[in-house]
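What follows is one structure encoded as structure tokens, with my remarks underneath.
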Amino acid sequence: MNDSSPAVIKTLLKQVGMRATPARIATLTVLSQSSKPLSHAEVSAELENLGVDKTTVYRNLNDLVGANLLRRAELGDHIWRFELANHHDEACSPHPHFLCIDCGDVFCIDEKYLQTTDFQLENKNVTVKEILVRGHCNDC
């Protein structure tokens with residue numbers, strides 16, 4: 003999403019048949035301004051000062067995934083993380099992630115460092131949908 007203004011977000015929500023509530027607009031705004039996937043706890047912390055409770059955040063995240071506006075990823079640490087799923091914006095297309103095994107921080111990896119292609123294994127066609135790289139971040 004190149005433009006994360008409330009007007010653009012309202013239009014996007016209406017296009018998928020969802021009401022443009024203040025909580026949904028705020029949720030999409032937070033995720034559109036993030037450079038990495040965010041957990042429910044991280045989104046909740048960002049929206050706490052707006053008076054949006056954790057239950058509403060949880061429900062909205064799941065509803066937005068169901069509307070294909072967000073993508074949900076579990077990166078091996080049993081924590082769901084959410085990011086934009088705009089298929090027309092290269093920055094929001096599926097891409098690899100890095101998970102620090104010490105601090106748990108997650109970073110998006112530019113696809114130029116990893117090639118994600120389709121390939122074949124003995125009578126099975128494989129489409130790579132998600133790549134996760136684990137290691138130690140520079141801060142750890």
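Take 3 as the starting number for the sequence shown in this note's numbering and just add one per residue.
Every residue gets a Cβ at the ideal spot worked out from N, C-alpha and C, and that includes glycine.
Item, Value
"Contact set for serine 198: own chain, Cβ-Cβ below 8 Å, skip 5 residues either direction", "This structure cannot speak to residue 198, because the chain is shown only from 3 to 142."
"Integer-rounded CB distance, given that glycine 78 should sit under 8 Å from leucine 49", "The Cβ separation is near 26 Å, so there is no contact."
"For asparagine 140, the nearest candidate out of Val45, Ile133, Arg26, Ile103 (CA to CA)", "Ile103"
"Separation of valine 135 from asparagine 64, as counted between CA atoms", "25 Å"
"Any non-hydrogen atom of the ligand GDP closer than 7 Å to serine 36 Cβ", "The model depicted lacks the ligand GDP and carries no ligand whatsoever."
"Straight-line gap, alanine 25 to arginine 61 (C-alpha atoms, nearest Å)", "10 Å"
"CA-to-CA distance, valine 108 to glutamate 76, given in whole angstroms", "11 Å"
"Those runs of the alpha helix (DSSP H) which lie wholly inside the stretch 38-71 and span at least 4 residues", "42-49, 56-68"
"The alpha helix (DSSP H) enclosing arginine 26, as first and last residue numbers", "24-34"
"Which listed residue (Asp55, Ser46, Ala47, Gly19) has its alpha carbon closest to that of leucine 71", "Gly19"
"Best match in Pro8, Lys16, Lys38, Ile11 for proximity to aspartate 112 [C-alpha to C-alpha]", "Lys38"
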